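Our numbering applies: residue 260 is where the sequence shown begins, and numbers increase by one. Worksheet: one structure, shown below.
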Amino acid sequence: MEIREMTMDEIEARKAEIKNEFEGASLERLEELDKEIDELDARAKEIGEEAEKRNAIVEKIKNNEGKVIKTMENEIKVERNFTPDTVEYRDAYMKSLQGKPMSLEERSALTSAASVIPTTTVNKIYGLLEENPLIKAVDTLHIPGYLSIPKATAFGDAAWTAMASDASTGTDTVGAVSLTAKKLIKIVEITADIQAMSIDAFEGWLVRKLADKMEAAICAAIVNGNTSATVPEPQGILNASPIASGVTAISSIANVGTIMEKLAAPYHRNASFVMTSHTFFTNILPLASDSNGMLVNDGIQYRLMGHPVILDENCRTGAGTTSSPYKYNVLFGDFRNYVFNFGEGINIEADQSVAFKSGSTVYRAMALCDGAVADPSAFVKAELSA
């Protein structure tokens with residue numbers, strides 16, 4: 260039998276047999292028996308260690324009888340922030356508008372932040388507004404509260420002065436353009452199926468809907484705004500005494516030149532035309548030719564005598580009737596001299612009680628803003644009869 264397969268009893272029996280073989284054994288045989296004794300001792304030690312290990316395991320199992328051993332993985336803590344510039348806050352805000360269930364944490368965050376519109380949402384609205392070429396052309400600001408912008412109402416040129424002589428103070432006079440807070444409100448009613456949209460889809464739909472309507476109101480104010488006491492609006496360029504060109508019809512390139520020559524040279528560098536589609540395609544386009552260079556079509560951007568053309572239907576006035584036919588205005592000038600300020604950012608609120616019977620929800624977007632012409636001499640107006 261192999262030694263590695265022996266039990267303790269078999270090892271002891273073999274050792275007894277070896278003792279009887281010592282007497283009369285040769286040296287060579289004694290060496291073999293000595294080696295075998297060492298191997299038997301090693302096997303006996305191995306059996307003893309295995310027995311001790313087995314007893315220890317059995318004892319451990321006995322000591323743990325009736326106990327429930329539960330292993331838990333380390334918890335990964337996810338920090339949730341609810342400031343207006345986070346996704347968590349945006350989701351909570353949109354849920355509140357849709358009337359969806361919210362957690363206590365989400366409700367608390369909206370209360371703490373006074374339900375201010377999320378930063379990403381308002382930036383998307385402003386971004387869409389400023390894609391409009393007219394709004395992009397004017398000086399758009401986002402300064403809280405009322406605003407007073409200095410402007411030079413009279414100014415003189417720099418003067419050459421002799422060495423060791425004092426310079427003259429000149430004739431510069433500084434005035435101011437004061438912008439207050441006027442309400443711009445848009446109401447949107449949506450049905451229950453829109454409310455069931457995902458948060459991302461709902462935000463995209465709402466942003467586009469509100470931006471489109473506010474864009475139309477702002478452009479109308481820039482062109483035709485009237486600061487009447489009944490409906491206070493931002494001041495429009497046409498109501499700020501722009502320079503009159505005297506042009507009542509555009510039938511030749513000379514008529515366009517007459518409009519342009521009324522604008523002082525310093526304003527030409529950044530000047531643009533604003534007119535209706537009717538004026539551009541009915542009066543201007545037929546005059547264009549490669550030889551006179553009057554019109555350059557730069558992709559979808561039209562140009563007139565090298566200056567950008569902004570198409571805006573607010574340049575049309577009148578009722579379009581026999582007694583009050585349409586008149587078409589053309590504006591030419593540096594539109595950076597019109598200032599439009601969002602004194603208080605856009606905010607959106609929901610009301611589900613207004614359309615209770617239909618199951619719809621009414622959303623109101625409101626911004627406090629104002630606009631005015633900083634320098635009327637930066638604009639020339641032509642009033643066309645057709």
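Ideal Cβ positions, reconstructed from N, Cα and C, are used throughout, including at glycine. None of these values were measured; they are calculated from a predicted model.
query	result
Determine the extent of the beta strand (DSSP E) in which S367 is found, giving its start and end residues.	No beta strand (DSSP E) holds S367; the alpha helix (DSSP H) holding it covers L363 to S371.
Does DSSP classify V490 as helix, strand or coil?	coil
Going by C-alpha to C-alpha distance, which of T439, A418, A488 and A470 sits closest to L388?	A470
Could you spell out the range, first to last residue, of the alpha helix (DSSP H) harbouring D293?	L286 to N322
According to DSSP, is D268 helix, strand or coil?	helix
Report the option in S511, A284, M564 and L570 whose CA atom is closest to the CA atom of R528.	M564
Return helix, strand or coil for G604, following the three-state DSSP convention.	strand
Classify D610 as helix, strand or coil using the three-state DSSP reduction.	strand
In three-state terms, what does DSSP make of A524?	helix
Can you tell me the Cα-Cα spacing of I444 and A624, whole angstroms?	6 Å
Roughly how many whole angstroms lie between the Cα atoms of E365 and Y348?	7 Å
Go through the region 542-588 residue by residue and report every complete run of the beta strand (DSSP E) that reaches 3 residues or more, in order.	554-557, 560-563 and 566-570
Using 10 angstroms around the beta-carbon of M422, count the other beta-carbons present and answer buried if the total reaches 16, otherwise exposed.	exposed
Could you compute how far the alpha carbon of F599 sits from the alpha carbon of R575?	22 Å
For K354, does the three-state DSSP call read helix, strand or coil?	helix
How would you write the range of the alpha helix (DSSP H) that R467 sits in, first residue to last?	I458 to N483
Which of the three DSSP states is assigned to E448 in this structure?	strand
Can you tell me whether G592 is helix, strand or coil according to DSSP?	strand
I think S542 touches I509, with their Cβ atoms under 8 Å apart; what is that distance to the nearest whole Å?	The question names Ser, yet the displayed sequence has Asn at residue 542. Contact holds; Cβ gap of about 4 Å.
Does DSSP classify M422 as helix, strand or coil?	coil
Taking 8 Å as the threshold (C-beta atoms), are I518 and V589 in contact?	yes
Can you look up P409 in the DSSP assignment and give me helix, strand or coil?	strand
What number of angstroms, rounded off, separates the C-alpha of I270 from the C-alpha of E318?	27 Å
Classify T538 as helix, strand or coil using the three-state DSSP reduction.	helix
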